[in-house]
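Before any comments, here is the structure.
Residue numbers (the numbering used here), protein chains in the order written: chain W, 205 to 396; chain E, 205 to 396.
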């Protein structure tokens, strides 16, 4: 997705060789015009799929998922929680998710009320790196007996191997901007 | 906002006399069609204001803020973070926010890059209870020298006093559904 790649180059900041910081439009301040374009593009790429629910994880995936849902006939968006809210008194599906940047493991939780065997789910996240979050969300869907139709990421850091692992596990993965490497403060995208 | 009140009555769950759980459409599973109506209504109520930024706090405010921004010419949405991300290496504005349900205090953080003295900010949140989150967000805006144009909440629990305190402090507060009390498992709304 060309406008996204251009935006990453113009407004992203590289931290070392592994982290791209896109706080000015994706992770802290949100450019909803760009998110509408992202939503439209995700719909185009998954237009052959019958999808009735979008699943993401708090926090940065939420706005992207919500604006993407507009292109999927306003289907429900569910976001997994990383901590257990005091009001989550019912049963939930849980999957451990390792954060490589933080060195921590959290449990992604979705109440059993919001995932079922009837669900055909598109998983959306802002970043796809080691594939921990997307893989965890896929496990939640499968624990509920539902179907994972695909995984859509806005930015993929291919060199961290998440997409390869997820594809090997049988998932359809599509990322709008795929970074091959970050070298000397320069971002190299994979040709689409 | 009548459709919102009806939805709270039909799908909300009361926990005791203080908590309304609306996970099925607002806090865990998101009904984006309803959020579009909410956004339209917030725009109508604040149509006399010159607003150039929307500020909310993770996680449940994000989707509401993002869909509301569509009715304000796609102005930027900034969400305050409750924990300090490993990539937040720059200076930030911070305000303590007390959670009465959890009995904890967290620091709402916004990077100094995304709030400035030029900003005319609409604060949006899902719930307005004691007013801690909205008040904290207002302090962040003011610390940056910006202007708080108003505070919009989807659901207000008036009996917890937040809106009264915020109005006394000089803020314009407008909530789409105002709950006067929860009694015997029944929700009583304030007449608009």
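Every residue, glycine too, gets a C-beta built ideally from N, C-alpha and C.
Contact with chain W is found for residue 274 of chain E, since one of that chain's Cβ atoms lies less than 9 Å from the residue's Cβ. Residue pairing by DSSP places residue 298 of chain W opposite W/313 in a beta bridge. By the Cβ test, the stretch 246-264 of chain W is not in contact with the stretch 216-229 of chain E, since fewer than three Cβ pairs between them sit closer than 8 Å. Residue 383 of chain E places its beta carbon 9 Å or farther from that of residue 355 of chain E. Within chain W, the residues 315 have their CB atoms less than 7 Å from the CB of residue 227 of chain E, given in chain order. Under the Cβ criterion of 9 Å, residue 388 of chain E is not counted among the residues facing chain W.
Rounded to the nearest angstrom, the Cβ distance from residue 255 of chain E to residue 283 of chain E is 16 Å, too far for a contact under 8 Å. If you keep only unbroken alpha helix (DSSP H) runs of at least 4 residues inside the stretch 352-388 of chain W, you get 366-372. Only buried fits residue 330 of chain W, as 16 or more other CB atoms lie within 10 angstroms of its CB. In the DSSP assignment, residue 215 of chain E falls within the alpha helix (DSSP H) that extends over 206-215. Note on geometry: alpha-carbon atoms of residue 214 of chain W and residue 237 of chain W lie some 16 Å from one another. By the Cβ neighbour-count rule, residue 272 of chain E is buried, with 16 or more other Cβ atoms within 10 Å of its own.
Around the beta carbon of residue 216 of chain E, 16 or more other beta carbons sit within 10 angstroms, so the residue counts as buried. In the structure shown, residue 325 of chain W falls within a strand segment according to DSSP collapsed to helix, strand and coil. From the beta-carbon of residue 291 of chain W, the residues of chain E found nearer than 7 Å are 219, 223, 225.
Judged by DSSP secondary structure, residue 239 of chain E falls within the alpha helix (DSSP H) whose first and last residues are 236-249. Setting aside the 5 residues that flank it on each side, residue 247 of chain W is surrounded in the same chain by 272, 275, 276, each with a C-beta closer than 8 Å to its C-beta; the list follows chain order. In the structure shown, the three-state DSSP call for residue 281 of chain W is strand. Scanning E/365, E/364, E/252 for the CA closest to the CA of residue 353 of chain E turns up E/252. Taking 9 Å as the threshold, the shortest C-beta distance from residue 302 of chain E to chain W does not fall below it. By the criterion of a C-beta distance shorter than 6 Å, residue 385 of chain E is surrounded in its chain by 363, 392, once the five residues flanking it on both sides are discounted. With fewer than 16 other CB atoms across the displayed protein chains lying within 10 angstroms of its CB, residue 371 of chain E is exposed. Distance from the CA atom of residue 289 of chain E to the CA atom of residue 232 of chain W, rounded to whole angstroms, is 10 Å. With a cut-off of 8 Å on Cβ pairs, the stretch 310-330 of chain W is not in contact with the stretch 328-343 of chain E, counting fewer than three such pairs. Looking at E/341, E/357, E/323, E/210, the one whose alpha-carbon comes closest to that of residue 249 of chain E is E/357. Your pair residue 301 of chain W and residue 310 of chain W checks out as a contact, with CB atoms roughly 6 Å apart and the cut at 8 Å.
Excluding the 5 residues flanking it on each side, residue 279 of chain W has same chain C-beta neighbours closer than 8 Å at 255, 256, 257, 258, 273, in chain order. Counting along the chain, residue 268 of chain W sits inside the alpha helix (DSSP H) bounded by residues 265-273.
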